[in-house]
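In this note's numbering, the protein residues as written are 30 to 279.
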């Protein structure tokens, strides 16, 4: 009886954990490919999961911060989706890397041309953005997710220091410390060939090592067989000599 009660309590607790942890991993989020360094350019992905069992996501709107405007925003083409970049004039021009900026990207809208993001799936929406601000540690983007049944979920709540995560948190992009490469472009892209080359060299080294090991093994086997052949041959000669002596004696 006690075992049944413990099992039931455990099942209830597990269900509660799943329910409470659901929103934590199901909201719209943003992550850089590599790093998003202050003062540089970066490629970021907005990850959008489908939380509904009876509808698909057909539209995503991402609003950009106007307190730290981004002059350059370029979406990557995605099959089954169209992307629209909206620029707006700023209420007050800002100095950005030595230049006066009066217009900046304020929104990017993706619209599905087909079924969109169906139940049980997620979609990444990549953007190349920059130049990133040098006087901020993070950028907050407010996202609006629309489903095929016209339901709208607004991921626009900002995290308050010391408070629990809000029900509909806005995507937040953390910025890393500025680097020399970051001021001239995305350091991730320039680093990729080196990484690939290093990987290729390592693979070649591993292949060479395996080949060398195989060659050594073959040489050792050949030597052993050679010694065995010599021993067998010597034994055969000895046997023939002894047999000849026996016949002569007879």
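Note that beta-carbon positions come from the ideal geometry of N, C-alpha and C, so glycine has one too.
Just to confirm, are residue i and residue j a CB contact at a threshold of 9 Å?
i, j, result
"residue 161", "residue 99", "yes"
"residue 286", "residue 102", "The structure shown does not extend to residue 286, since the chain spans only 30 to 279, so no value can be given for it."
"residue 113", "residue 175", "no"
"residue 71", "residue 148", "no"
"residue 86", "residue 172", "no"
"residue 62", "residue 205", "no"
"residue 123", "residue 130", "yes"
Given residue i, which residues of its chain have a CB within under 7 Å of its CB, disregarding the five upstream and five downstream residues?
i, result
"residue 80", "55"
"residue 178", "84"
"residue 236", "Low local confidence applies: a pLDDT of 35 at residue 236 is under 50, so the model's placement there is unreliable, with the coordinate-based value given in what follows. Within the same chain, residue 236 has no close Cβ partners at all."
"residue 97", "162, 165, 168"
"residue 185", "171, 197, 199"
"residue 82", "148"
"residue 183", "173, 197"
Would you kindly report the start and end of the unbroken beta strand (DSSP E) that includes residue i?
i, result
"residue 158", "151-159"
"residue 92", "86-92"
"residue 183", "181-184"
"residue 170", "Where residue 170 is concerned, there is no enclosing beta strand (DSSP E), given that its DSSP letter is neither H nor E."
"residue 61", "58-61"
"residue 197", "Counting along the chain, residue 197 falls outside any beta strand (DSSP E), and DSSP gives it neither H nor E."
"residue 78", "71-78"
Residues in its own chain within less than 8 Å of residue i by CB, not counting five upstream and five downstream?
i, result
"residue 170", "59, 75, 91, 92, 93, 94, 199, 200, 201, 202"
"residue 116", "132, 133, 134, 135"
"residue 151", "76, 77, 78, 79"
"residue 121", "none"
Please classify residue i as buried or exposed, where buried requires at least 16 neighbouring CB atoms within 10 angstroms.
i, result
"residue 111", "exposed"
"residue 67", "buried"
"residue 106", "exposed"
"residue 187", "exposed"
"residue 192", "exposed"
"residue 127", "exposed"
"residue 145", "buried"
"residue 181", "exposed"
"residue 196", "exposed"
Looking only at its own chain, which residues have a Cβ that is under 6 Å from the Cβ of residue i, when we skip the five neighbours before and after it?
i, result
"residue 139", "89, 110, 112, 154"
"residue 143", "109"
Go through the stretch 89-146 residue by residue and report every complete run of the beta strand (DSSP E) that reaches 3 residues or more, in order. 101-104, 110-125, 128-141
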